[in-house]
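*Asks:*
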Amino acid sequence: MTDEGDPHLKSLGLLEQLVEEADLDWATVLDPVPLSMSTGLPVGVVRAGLTRRPMPQADFQQQVAERLAFLRETRLRPDGGQYSQGEIAAGADVTPQWVGELLKGRKVPSLELAARIEDLFKVPRGFLTATPSQALARALEEKLADEQARQLSGLRELKEKYKLRSVAFRGAPETLAAMQDLLNLIVDDQHETR
1 MTDEGDPHLK SLGLLEQLVE EADLDWATVL DPVPLSMSTG LPVGVVRAGL
51 TRRPMPQADF QQQVAERLAF LRETRLRPDG GQYSQGEIAA GADVTPQWVG
101 ELLKGRKVPS LELAARIEDL FKVPRGFLTA TPSQALARAL EEKLADEQAR
151 QLSGLRELKE KYKLRSVAFR GAPETLAAMQ DLLNLIVDDQ HETR
């Protein structure tokens, strides 16, 4: 069992609750492959985090090297090719040799340099430097926000379907499925009393 202080556990718990209450497909919402792509973590490490097992920690220099290599392989130039060390160096305002040292795990970037590299590859700040739990937490928070946006979109559809001007929940149900059930009860109750 992972220490409860791991940052990803809060978002994971909220996502699990949403999956259960909204009757979503667990395998789709918490698919480790897309989460791996958005974090730079190996799929096995993501699976460990999703099942609350300890997430392996790499040496910081090695972690930066692995994630930078991952970015080169997965975030390609517009023409489909990999960024060269020279192109990364130009985008990050360092020498190609410095990029080579980063890729070999021999150097540690400053936060400013890491930010320039992250900007070049259009990934969130902290992509290179976040711990595995922090990286997974960020990806899960993004997934949670996406799923909650879908739920709110569904609520708008419910308001239109039942011709409601507004819906105010006190002690609100947390998911669209719970809201749908509640609104169905209200509509059924109104039909029975007429």
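Per the UniProt record's numbering, the very first residue in the sequence shown carries number 1; after that it's consecutive. Glycine included, each C-beta is placed from N, C-alpha and C at the ideal position.
Return helix, strand or coil for Leu164, following the three-state DSSP convention.
*Replies:* Looking up residue 164 in the sequence shown gives position 164. DSSP places Leu164 in coil when its eight states are reduced to three.
*Asks:* Is it right to say Pro32 is buried, meaning 16 or more other beta carbons lie within 10 angstroms of its own, or is it exposed?
*Replies:* What you label residue 32 is simply residue 32 of the sequence shown in a count that begins at 1. Classification for Pro32: buried.
*Asks:* Just to confirm, is the Cβ distance from Gly147 to Leu18 under 7 angstroms?
*Replies:* What you label residue 147 is simply residue 147 of the sequence shown in a count that begins at 1. What you label residue 18 is simply residue 18 of the sequence shown in a count that begins at 1. Position check: residue 147 holds Glu in this sequence, whereas Gly was assumed. Yes, these two residues count as a Cβ contact at 7 angstroms.
*Asks:* Count the CB pairs spanning the segment 94-105 and the segment 20-34 that are closer than 8 angstroms, and state whether there are at least three.
*Replies:* no
*Asks:* Counting along the chain, where does the alpha helix (DSSP H) carrying Lys10 start and finish?
*Replies:* Here residue 10 is taken as the residue at index 10 of the sequence shown, counted from 1. Looking at the DSSP string, the run of the alpha helix (DSSP H) that includes Lys10 is His8 to Glu21.
*Asks:* Would you say the segment 126-139 touches the segment 81-97, given that touching needs at least three Cβ pairs under 8 angstroms?
*Replies:* no
*Asks:* Does the count of Cβ pairs from the segment 34-47 and the segment 61-75 closer than 8 angstroms reach three?
*Replies:* yes
*Asks:* Taking all protein chains shown into account, do 16 or more other C-beta atoms lie within 10 angstroms of the C-beta of Phe60, making it buried, or fewer, making it exposed?
*Replies:* Position 60 of the sequence shown, counting from 1, holds the residue named residue 60. In this structure Phe60 is exposed. Its beta-carbon is surrounded by fewer than 16 other beta-carbon atoms within 10 angstroms.
*Asks:* Given this structure, state the Cα-to-Cα distance separating Arg150 from Glu101, to the nearest angstrom.
*Replies:* Position 150 of the sequence shown, counted from the start, is the residue given in the question as residue 150. Position 101 of the sequence shown, counted from the start, is the residue given in the question as residue 101. Whole-angstrom Cα-Cα distance: 44 angstroms.
*Asks:* Pull up the distance between the alpha-carbon of His8 and that of Glu142, whole angstroms please.
*Replies:* One-based indexing of the sequence shown puts residue 8 at position 8. One-based indexing of the sequence shown puts residue 142 at position 142. If I take the Cα positions, the gap works out to 12 angstroms.
*Asks:* Count the other CB atoms within 10 Å of the CB of Ser36; is the residue buried (16 or more) or exposed (fewer)?
*Replies:* Numbered from 1 along the sequence shown, position 36 holds the residue referred to as residue 36. Label assigned to Ser36: buried.
*Asks:* Put Lys122 into one of helix, strand or coil per three-state DSSP.
*Replies:* Against the sequence shown, residue 122 aligns to sequence position 122. In the structure shown, Lys122 sits in coil (DSSP, three-state: anything other than H, G, I, E or B).
*Asks:* Just to confirm my understanding: we take Leu120, look at its own chain, exclude 5 residues before and 5 after, and list those with CB closer than 7 angstroms. What are they?
*Replies:* As a position in the sequence shown, residue 120 is number 120, starting the count at 1. Taken in chain order, the residues that qualify are Ile88, Gly91 and Ala92.
*Asks:* Please return the same chain residues whose Cβ sits closer than 6 angstroms to the Cβ of Asn184, not counting the five positions on each side in sequence.
*Replies:* Counting from one through the sequence shown, the residue named residue 184 turns up at place 184. Contacts found: none.
*Asks:* Helix, strand or coil: which one does DSSP assign to Val43?
*Replies:* Taking the first residue of the sequence shown as 1, we reach residue 43 at position 43. Three-state result, Val43: helix.
*Asks:* When the distance is taken between beta carbons, is Leu140 closer than 7 angstroms to Leu24?
*Replies:* As a working mapping, residue 24 is identified with position 24 in the sequence shown. As a working mapping, residue 140 is identified with position 140 in the sequence shown. No, these two residues do not count as a Cβ contact at 7 angstroms.
*Asks:* Roughly how far, in whole angstroms, is the beta-carbon of Val45 from the beta-carbon of Met55, given that I think they are within contact range, below 8 angstroms?
*Replies:* Residue mapping note: residue 45 aligns to position 45 of the sequence shown, counting from 1. Residue mapping note: residue 55 aligns to position 55 of the sequence shown, counting from 1. Sure, about 5 angstroms apart at Cβ, within 8 angstroms.
*Asks:* Just mark Gly80 as buried or exposed, buried being the case when its beta carbon has 16 or more other beta carbons within 10 Å.
*Replies:* Along the sequence shown, read from residue 1 onward, the residue named residue 80 stands at position 80. By the 10 Å Cβ count, Gly80 comes out exposed.
*Asks:* For Asp6, count neighbouring C-beta atoms within 10 Å of its own C-beta (all shown protein chains included) and say buried if the count is 16 or more, exposed if not.
*Replies:* As a first step, residue 6 is located in the sequence shown; it is residue number 6 there, counting from the start. Asp6 is buried by the Cβ-count criterion.
*Asks:* Given this structure, state the Cα-to-Cα distance separating Leu68 from Gly126, to the nearest angstrom.
*Replies:* One-based indexing of the sequence shown puts residue 68 at position 68. One-based indexing of the sequence shown puts residue 126 at position 126. For Leu68 and Gly126, the distance between alpha carbons rounds to 12 angstroms.
*Asks:* Starting from the C-beta of Ala137, find all residues in its chain whose C-beta is less than 6 angstroms away, skip the five residues before and the five after it, and write them out in chain order.
*Replies:* Position 137 of the sequence shown, counted from the first residue, corresponds to residue 137. Only Pro7, His8 and Ser11 meet the Cβ criterion.
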